[in-house]
C-alpha cells in the first residue's frame with residue numbers, strides 16, 4: 014500500500030461520505046422523477062385513450078366501468094371481450110384471455126393492464142377488479158356517480 | 139366483563155407510558171454519573187406496561203375466541219361459524235385489532251429492553267426508555283381515542299359479519315404478527331439511537347447493544363415479507379409473488395433501511411466507524427416503519443390490503459408521524475455535530491464496500507418511496523396515475539445491480555484498508571461465472587435483460603457468498619460469520635428464484651371439458667371432474683386434475699372456486715404441486731359454456747414456474763442467517779462475560795494469596 018492511498022483525514026472522509034451519499038440519493042431521486050414523468054401517461058381513462066392514444070404495444074393501464082351488456086365470452090371459452098366506458102361517451106373495446114377476477118361483473122369498475130392494439134382494441138394481460146365489497150381501484154374513485162347516471166339513462170331511455 | 143378489564147388495562151398502560159417518559163426524562167436533568175432518584179421508575183413502568191398491554195390483547199383474543207357478539211369489533215369482523223383458528227387470527231385481521239397487536243408488541247419489546255438490558259450507562263438507558271415511552275404513548279393515544287377495540291354494542295347482535303375470506307388463511311396467523319415485531323423492533327433501535335444521541339454515547343459499546351435489536355427486527359421483517367409474498371402468491375390466484383403494491387412497498391422500505399442499518403451498526407460495533415451514519419439510518423428505519431403504518435392504516439392508498447381502510451384516522455397518524463420524524467430529525471440536527479469522528483478507512487476496504495451498499499440501499503429506498511408516494515402527489519393536482527412494475531423494476535435495478543456486485547466483493551476485503559489486486563483471482567473467477575451465465579442464458583433462448591442479469595448475478599453471488607469460508611477451518615468459523623455467509627447465499631438463492639420465475643414461466647389457459655388433456659412443459663394435465671363441495675362457511679366448485687410429468691405417476695390436484703357466504707365473496711383457491719425444480723400452479727375459473735362436443739367446459743389456468751420456490755427458500759435462508767448472527771453475538775458476549783468474571787476471580791485469589799487486600803473492585807463486565 015503506497016502512502017497516497019493511506020486513510021484520508023477523518024473530517025475529509027466524512028465530507029466525502031456525505032457527498033457520495035447525497036449524490037447517490039439525488040441520482041435516485043432524479044431517476045425516479047424522470048421515470049415517473051414518463052409514467053404519468055401510464056394510466057388512461059377511456060376518454061383519454063380515445064383522445065390521445067398511447068403507442069401500440071406500450072404497456073399501460075386502462076380504467077373505467079364495464080359497460081352493461083357488453084361482456085361476451087368468445088368461442089375458445091377463455092377469451093372475453095367487453096367495453097370499458099368512462100365519464101364521457103368514449104368506449105374502448107377490451108379483450109382478455111384468462112380467468113376473470115372473482116368480483117368482475119358488468120357495471121362495475123375495472124382496471125385493465127395491457128396495451129392498445131393496431132385495430133383499436135385494448136389487449137389486457139391482467140384485470141384488477143375489486144377484491145371485496147370495499148375495494149375500488151384508487152384510479153376509479155369518483156366514477157361511481159357516473160355509473161349511477163348511466164344506470165338511470167339505461168333504465169329510462171327505453172321508456 | 140373481561141373486555142372492560144382489557145380496556146382498563148390499556149388505559150393503565152398508557153398512564154405508565156407517561157410515567158416511563160417523565161421519569162426517564164427527569165433523570166437526564168441530573169448530572170452524569172450521579173444516580174438519579176427519578177430514574178428508578180422508568181424500568182418498572184416499562185415492564186408493568188408490557189404486562190398490562192399483554193392482558194389487554196389477551197382479553198380481545200378471548201372475545202374473538204368465544205365470538206362475543208356484544209363487542210362491536212367482534213360483531214363486525216367475526217362470525218360464529220368461522221373455523222377456530224381464523225377466529226383467533228381474526229383478532230388482528232381488522233384495523234383496531236391490528237393496532238392493538240402493534241401496541242402490545244411495542245410494549246412487550248419495551249419491557250424486554252427495560253428488564254434485560256444492563257450494559258448501557260444508566261443515563262443512556264433513561265433517555266432510551268423516555269423515548270420509548272413517548273413512542274408508546276402516541277400509539278396508546280391513537281388506539282384509545284380513535285380506534286378503541288373494546289367498544290361494546292348497545293346490545294349483542296345475532297350474528298357477526300365475518301372476516302374477509304382472503305384473510306381466512308394460515309397466512310394471517312404468520313404474516314402480520316411477524317411484520318409487526320419487525321416494525322416494532324426498529325422502534326427500539328430508534329429509541330436506543332436517540333438515547334445514545336441525547337446522552338452523547340454513540341460508540342461501539344452502544345452499537346453492541348443496538349445490534350441484536352436491529353438484527354432481530356430485520357429477521358422478523360425478512361420472514362414477514364417472505365411469508366406475505368408466498369401468501370399473496372397462493373391466495374390471490376394470480377400466480378404473482380410481488381405486485382409492487384403500495385402496502386407491500388410499505389413493508390419493503392423499512393426492510394431496506396433495516397438492512398442498511400444492520401450493516402452500519404456492525405461496522406460501528408466492530409470498527410468504531412460510521413457513527414453519524416448509523417444514527418441517521420436508525421431514524422430513517424423507524425421513520426419508514428412509521429410511514430408504513432401510516433400508509434396501511436390511514437387508507438390514503440387503496441390496495442389489496444384495503445381491509446383496514448379508514449380515512450378519518452389518517453390525520454392523527456399523520457400527526458404522530460410528523461411528531462416522531464420531525465422530533466428525531468431535530469434532535470439529530472442539534473446533536474450530530476457532537477458525535478466524535480469515528481475511525482478512518484479507505485474506499486477499498488470492507489467498510490468502504492459496506493458504505494457503498496448502504497448508499498445503494500438508500501437509493502433503492504428513495505426509488506420505492508417516490509414511486510409509492512407519487513400517485514398521492516399527483517392526485518393533489520387531480521391527475522390519476524398508476525405506478526407499477528414498468529417503473530419499479532428498471533429504476534430499482536439501476537441501483538440493485540451495482541449493489542449486488544459490491545456485495546459479492548465486500549466480504550472478501552479486509553477491514554480498514556485493502557488493495558483490490560490482492561483479491562484479483564477471486565474477482566476474475568466471479569466475473570467469469572457471471573459471463574458464462576449470461577452466455578448460457580442467451581444460448582438457451584431470447585430472454586429479457588433484467589432476468590438474464592439476475593441469473594448471472596445470482597450465480598456469481600452464490601459462489602461469492604461461500605468464498606469467505608475458503609482456506610478456513612470450517613469448525614473454527616465463528617457462528618456470526620456463518621450467519622453472514624448464509625444470508626448472502628440466501629440473497630443469491632432468492633435472486634435466482636425471481637429471475638428464473640420471470641424468465642422461464644410457462645402458462646397454459648384453456649376451456650376444457652372433463653376428460654380432456656392439456657400439456658405444459660412436460661406436464662400432462664387431465665381434468666377428471668368438476669364437483670360441488672362445501673366447507674364450514676363456504677361452498678365451492680372443485681376441479682379434480684390428474685397431473686403427471688413425462689408420463690410418470692399421476693398426482694391429483696384440487697383447485698377450487700369458492701363462494702363464501704358471510705361476507706358474500708368469491709375467491710379462487712389455487713392448487714400447487716411442488717417439485718425441487720419448480721411449482722405447478724393450477725386455478726379453476728368459471729364454467730365456459732358448452733364445447734363443440736356438447737360437454738360443459740371449465741376455464742383452467744395452469745402455470746409451470748421453474749425454481750419459483752427458491753424465492754422463499756432464499757428469504758428463509760436470509761432470515762436464518764440473521765438468527766445465526768444473533769446467536770453468534772450472544773455466544774461471544776457470554777464468553778466475554780465469563781472471561782471477565784474468571785479473570786476477576788483469579789486476580790482476587792492472587793491478591794488474597796499475596797496477603798494484601800484485594801484491589802479496587804473490578805467493574806462488573
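Chains as they are written, first to last, in our numbering: chain R, 14 to 172; chain F, 139 to 807. For each residue, glycine too, the CB sits at the ideal point set by N, CA and C.
Through-space distance from residue j to residue i, alpha-carbon basis
i, j, result
"residue 115 of chain F", "residue 729 of chain F", "Outside the modelled stretch of chain F, which goes from 139 to 807, sits residue 115 of chain F, for which no answer is possible."
"residue 705 of chain F", "residue 697 of chain F", "21 Å"
"residue 669 of chain F", "residue 755 of chain F", "35 Å"
"residue 468 of chain F", "residue 126 of chain R", "44 Å"
"residue 511 of chain F", "residue 55 of chain R", "16 Å"
"residue 195 of chain F", "residue 135 of chain R", "50 Å"
"residue 590 of chain F", "residue 643 of chain F", "14 Å"
"residue 405 of chain F", "residue 491 of chain F", "11 Å"
"residue 94 of chain R", "residue 69 of chain R", "19 Å"
"residue 305 of chain F", "residue 525 of chain F", "25 Å"
"residue 530 of chain F", "residue 43 of chain R", "14 Å"
"residue 757 of chain F", "residue 655 of chain F", "36 Å"
"residue 647 of chain F", "residue 547 of chain F", "44 Å"
"residue 282 of chain F", "residue 475 of chain F", "39 Å"
"residue 239 of chain F", "residue 376 of chain F", "30 Å"
"residue 562 of chain F", "residue 380 of chain F", "37 Å"
"residue 808 of chain F", "residue 603 of chain F", "Any answer about residue 808 of chain F is impossible in this case: the structure gives chain F only from 139 up to 807."
"residue 216 of chain F", "residue 599 of chain F", "47 Å"
"residue 57 of chain R", "residue 141 of chain R", "14 Å"
"residue 517 of chain F", "residue 500 of chain F", "26 Å"
"residue 412 of chain F", "residue 403 of chain F", "8 Å"
"residue 177 of chain F", "residue 534 of chain F", "46 Å"
"residue 330 of chain F", "residue 585 of chain F", "47 Å"
"residue 74 of chain R", "residue 550 of chain F", "45 Å"
"residue 569 of chain F", "residue 325 of chain F", "40 Å"
"residue 775 of chain F", "residue 138 of chain R", "55 Å"
"residue 159 of chain F", "residue 335 of chain F", "17 Å"
"residue 502 of chain F", "residue 356 of chain F", "17 Å"
"residue 630 of chain F", "residue 80 of chain R", "47 Å"
"residue 703 of chain F", "residue 715 of chain F", "28 Å"
"residue 269 of chain F", "residue 366 of chain F", "30 Å"
"residue 36 of chain R", "residue 507 of chain F", "17 Å"
Residue i - partner residues in DSSP beta bridges
i, result
"residue 535 of chain F", "Partner(s): none; residue 535 of chain F has no beta bridge."
"residue 617 of chain F", "Answer by DSSP bridge pairing: none, since residue 617 of chain F is not bridged."
"residue 677 of chain F", "F:672 and F:701"
"residue 540 of chain F", "None, per the DSSP bridge assignment."
"residue 209 of chain F", "F:290"
"residue 430 of chain F", "Answer is none; residue 430 of chain F lacks a bridge partner."
Neighbour flag for residue i against chain F, beta carbons, 8 Å
i, result
"residue 55 of chain R", "yes"
"residue 108 of chain R", "no"
"residue 63 of chain R", "no"
"residue 48 of chain R", "yes"
"residue 144 of chain R", "Low confidence applies here, because residue 144 of chain R scores a pLDDT of 44, under 50, leaving its location unreliable and the question unanswered by this model."
"residue 105 of chain R", "no"
"residue 136 of chain R", "no"
"residue 111 of chain R", "yes"
Min CB distance residue i to chain R below 8 Å
i, result
"residue 308 of chain F", "no"
"residue 300 of chain F", "no"
"residue 622 of chain F", "no"
"residue 475 of chain F", "no"
"residue 775 of chain F", "no"
"residue 505 of chain F", "yes"
"residue 508 of chain F", "yes"
"residue 727 of chain F", "yes"
Members of the stretch 71 to 100 of chain R that neighbour chain F once the beta carbon cut-off is set at 7 Å: When CB distances to chain F are screened at a threshold of 7 Å, the residues of the stretch 71 to 100 of chain R falling below it are 72, 74, 86, 89, 90 and 91, in chain order.
Quick check on the DSSP output: what are the complete alpha helix (DSSP H) runs of length 4 or more inside the stretch 298 to 380 of chain F, in order along the chain? 308 to 336 and 342 to 373
Which runs of the alpha helix (DSSP H) spanning at least 4 residues fall entirely within the stretch 215 to 248 of chain F, listed in chain order? As far as the stretch 215 to 248 of chain F is concerned, its whole alpha helix (DSSP H) runs of at least 4 residues are 222 to 227.
Members of the stretch 630 to 660 of chain F near chain R, C-beta cut-off 7 Å: 647, 648 and 649
Output, in sequence order along the chain, the residues in the stretch 528 to 559 of chain F whose CB is closer than 8 Å to any CB in chain R. 528, 529, 532, 533, 536, 537, 554, 555 and 557
Contact set between the stretch 739 to 754 of chain F and chain R, restricted to residues whose Cβ is under 7 Å from the partner: Per Cβ criterion, the list reads 739, 741 and 743.
Quick one: which unbroken beta strand (DSSP E) runs of 3-plus residues sit fully inside the stretch 73 to 114 of chain R? Chain order, please. 73 to 79, 92 to 98 and 104 to 110
What residue ranges within the stretch 560 to 614 of chain F form continuous alpha helix (DSSP H) runs of no fewer than 4 residues, ordered along the chain? 562 to 582 and 587 to 604
Contact residues within the stretch 673 to 704 of chain F, judged by C-beta distance below 7 Å to chain R: none
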